[in-house]
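Have a look at the structure below before the remarks.
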Amino acid sequence: MTLPLPVLSAWDPRAASAGSIDPLGALRAYTAIAQYLVPGATTITTRVRYLSWLCAGLYLLDECADAPSGGTAGRSRRQRLLAWERFLALATTYYGNSAQLGIDAPAWRGLRGISYVRRAVEQGRTTTEFELLRNQAGVGGVGTYWVTLVHGGLVENLSGELTARGRLLAEQFLKPIGAKLPSGFEDMLQGTTPSFGRDELARWGKQLSLDVSQVSRREIQALRDALLEPRTQRRLHEAMAPFKAMGSSHKAFGQLERQLKRQRDPEAATMAEVMQLTRAFEAVHAGLLDRFDRLLSLDAKGAPVQRATAAGSLMGFQSLTESGRALGDLLGSLRNVPGEVATPTRHFLASVQAILVAQPGDALLVELCRHHERVQSGKLDAARQPKQAWLALQGNTLVISPRFALDAPPEVRDPDDFTHPYRIESFSGMLRELPEKGVAA
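Just so you know, we're using the numbering used here here: the sequence shown kicks off at 889 and counts up by one.
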């Protein structure tokens, strides 16, 4: 197999804070586990008041004469929300600058596309006609938090219509401003780009920022209810109660597993089994990824690596046979794990079996490269072409794509660490963000 120069795409897994999870085909199993445990969040849904922002935007959109509606209007309604998101981001940034807020201030911490909005403010923009991320619809606030809106019972997915709970949240968000909407506001929702005053934007930003410390009790309760709407998230919240903070690790999932078993609830018992399975899955995946990363660190300024050198770099690793056997045993013995979790996990284990039993050295090198090639050939890039390999054996050399080469050998992984967060952090973080009571309405 030849290894052409890599083609840059819009998403680089190595640029994500969580690191890479996909070069060895673990993404489907990981996603299935995370989706089962925390369906109403992702690793980047971190600011709970985005739910209020978006519900309010849909509420105001419904007051426009030409508002899209109907059973399949969701896509059109989401598209119309983008201007509202840019307006709130612009107003928040004008407020943040005028108040000289630090980057971690609650008003704008975690704002999607903050660098883009700051650039727009520096350029003196006072309309919503500016770029907010290169793909605002997909990775801005609307695309990022839509899953939370839907699973929180706030919005109907296909129609994009607010539920009764969503309308209540929107009304609580908009209540402090009453009918004092800026001139031209409705025109903005209808697709035009009216200009707003800078002081006016700053005032709006102060009142409608992401900070939830001074919002009404009813808005706080509505947000909490939305986060706890999915049954698994309610069970998880109860299991996390004894702990100050909770994340994704072997220790944390072991603690959550024990707490879930104590709830004496069938769904909690199933979640406990999924937690147990996840720890075994992570033991296999982490071991594989450590070996793969070791190979990526061998790149010497783009020069091919001798096959013998690459094989020798894998000699210090212990066999993963036992880890693979432990995962297989659990897949056979845990009877309550849902099929949507067990099936992709079983497929992943089968796909890496040859690596798990390979002897350290050249045999392990060959199986790792073969498996990675199969994984990449099964994926398409934005141009609908097979994705490029990160590394490949070419005769007696290992060629490493410069894009994915590591500058130095990876640090030894803490045995307690998972390879990737399972949304626990963002879910618990949004809950912790909510004050206990809120202010009087």
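Heads up, the beta-carbon is just placed ideally off N, CA and C, and yes, glycines get one too.
Compare the C-alpha of residue i against each of the options and name the closest.
{"i": "L1116", "options": "D1217, T1036, T1209, G1200", "result": "T1036"}
{"i": "L1352", "options": "P1226, Q1206, A1230, S1201", "result": "Residue 1352 lies beyond the residue range present for the chain, which begins at 889 and ends at 1329; the question has no answer from this structure."}
{"i": "A961", "options": "Q1143, T930, L1046, R1195", "result": "L1046"}
{"i": "F1084", "options": "S1137, R1013, Q1078", "result": "R1013"}
{"i": "R1223", "options": "L1268, G913, V1162", "result": "V1162"}
{"i": "H1260", "options": "G1212, L970, L1183", "result": "L1183"}
{"i": "L939", "options": "L1089, Y982, L999", "result": "L999"}
{"i": "D1365", "options": "Q1164, L1165, S1201, F1169", "result": "No statement about residue 1365 is possible, as the shown extent of the chain runs from 889 to 1329 and does not include it."}
{"i": "A979", "options": "D954, V1005, P1248", "result": "V1005"}
{"i": "R951", "options": "R1105, F1073, W996, P1248", "result": "In the sequence as displayed, the identity of residue 951 is Glu instead of Arg. Considering only alpha carbons, the answer is F1073."}
{"i": "M1128", "options": "L1144, S1137, K1139, T930", "result": "L1144"}
{"i": "D1153", "options": "A1171, L1124, L1165", "result": "L1124"}
{"i": "S1071", "options": "A1199, K1063, L1089", "result": "L1089"}
{"i": "T1015", "options": "A1133, L1021, E973", "result": "E973"}
{"i": "A1228", "options": "H1173, T1158, Q1273", "result": "Sequence check: residue 1228 is Glu here, not Ala. Comparing Cα-Cα distances from E1228 to each of H1173, T1158, Q1273, the minimum goes to T1158."}
{"i": "R968", "options": "S1265, G1029, Q923", "result": "G1029"}
{"i": "D1187", "options": "L1294, V1103, A1171, I1002", "result": "L1294"}
{"i": "E1299", "options": "P1274, R1179, S1316", "result": "R1179"}
{"i": "L1020", "options": "L1176, W1034, G1001", "result": "G1001"}
{"i": "L1177", "options": "C1257, A987, G1054", "result": "C1257"}
{"i": "L976", "options": "D954, V1009, R1301", "result": "V1009"}
Return the CA-CA distance between residue i and residue j, expressed in angstroms with no decimal places.
{"i": "T1307", "j": "D1087", "result": "46 Å"}
{"i": "H1039", "j": "R965", "result": "18 Å"}
{"i": "V936", "j": "L1111", "result": "7 Å"}
{"i": "K1189", "j": "Q1011", "result": "39 Å"}
{"i": "P1323", "j": "A1251", "result": "56 Å"}
{"i": "A1196", "j": "V926", "result": "44 Å"}
{"i": "T1285", "j": "L1279", "result": "10 Å"}
{"i": "V895", "j": "R1291", "result": "Because the pLDDT of V895 is 28, which lies under 50, any placement of that residue in the model is unreliable, and the question is left without a value."}
{"i": "S1314", "j": "Q1194", "result": "43 Å"}
{"i": "D1113", "j": "C943", "result": "14 Å"}
{"i": "S957", "j": "Q1078", "result": "14 Å"}
{"i": "A1242", "j": "E1255", "result": "6 Å"}
{"i": "V1043", "j": "T1032", "result": "14 Å"}
{"i": "G1220", "j": "F1131", "result": "32 Å"}
{"i": "T931", "j": "V1245", "result": "33 Å"}
{"i": "S1104", "j": "K1094", "result": "15 Å"}
{"i": "G913", "j": "G1066", "result": "51 Å"}
{"i": "A1025", "j": "E1017", "result": "15 Å"}
{"i": "R916", "j": "Q1247", "result": "27 Å"}
{"i": "A1191", "j": "D910", "result": "25 Å"}
{"i": "D1304", "j": "V1172", "result": "13 Å"}
{"i": "A995", "j": "T981", "result": "9 Å"}
{"i": "L1148", "j": "S1316", "result": "16 Å"}
{"i": "A1168", "j": "K1139", "result": "12 Å"}
{"i": "N1023", "j": "D1302", "result": "35 Å"}
Is residue i helix, strand or coil by DSSP?
{"i": "V1300", "result": "coil"}
{"i": "P1248", "result": "coil"}
{"i": "V936", "result": "coil"}
{"i": "S1083", "result": "coil"}
{"i": "L1148", "result": "helix"}
{"i": "V1043", "result": "strand"}
{"i": "P1274", "result": "strand"}
{"i": "L989", "result": "coil"}
{"i": "L1219", "result": "helix"}
{"i": "I1312", "result": "helix"}
{"i": "L1057", "result": "helix"}
{"i": "S964", "result": "helix"}
{"i": "W941", "result": "helix"}
{"i": "L1202", "result": "coil"}
{"i": "L1050", "result": "strand"}
{"i": "W996", "result": "coil"}
{"i": "R1112", "result": "helix"}
{"i": "D954", "result": "coil"}
{"i": "S1071", "result": "coil"}
Taking all protein chains shown into account, decide if residue i is buried (16 or more other Cβ within 10 angstroms of its Cβ) or exposed.
{"i": "Q1206", "result": "exposed"}
{"i": "S1097", "result": "buried"}
{"i": "Q1282", "result": "exposed"}
{"i": "I1288", "result": "buried"}
{"i": "R1311", "result": "buried"}
{"i": "S1137", "result": "buried"}
{"i": "G990", "result": "exposed"}
{"i": "T1209", "result": "exposed"}
{"i": "A1277", "result": "buried"}
{"i": "A953", "result": "exposed"}
{"i": "E1321", "result": "buried"}
Kindly identify the DSSP beta-bridge partner or partners of residue i.
{"i": "V1287", "result": "A1280"}
{"i": "P1130", "result": "Bridge partners of P1130: none, in fact."}
{"i": "S1097", "result": "DSSP output for S1097 lists no bridge partner at all."}
{"i": "A1188", "result": "A1191"}
{"i": "S1211", "result": "According to DSSP, S1211 bridges with nothing at all."}
{"i": "S1137", "result": "D1305"}
{"i": "L1268", "result": "P1274"}
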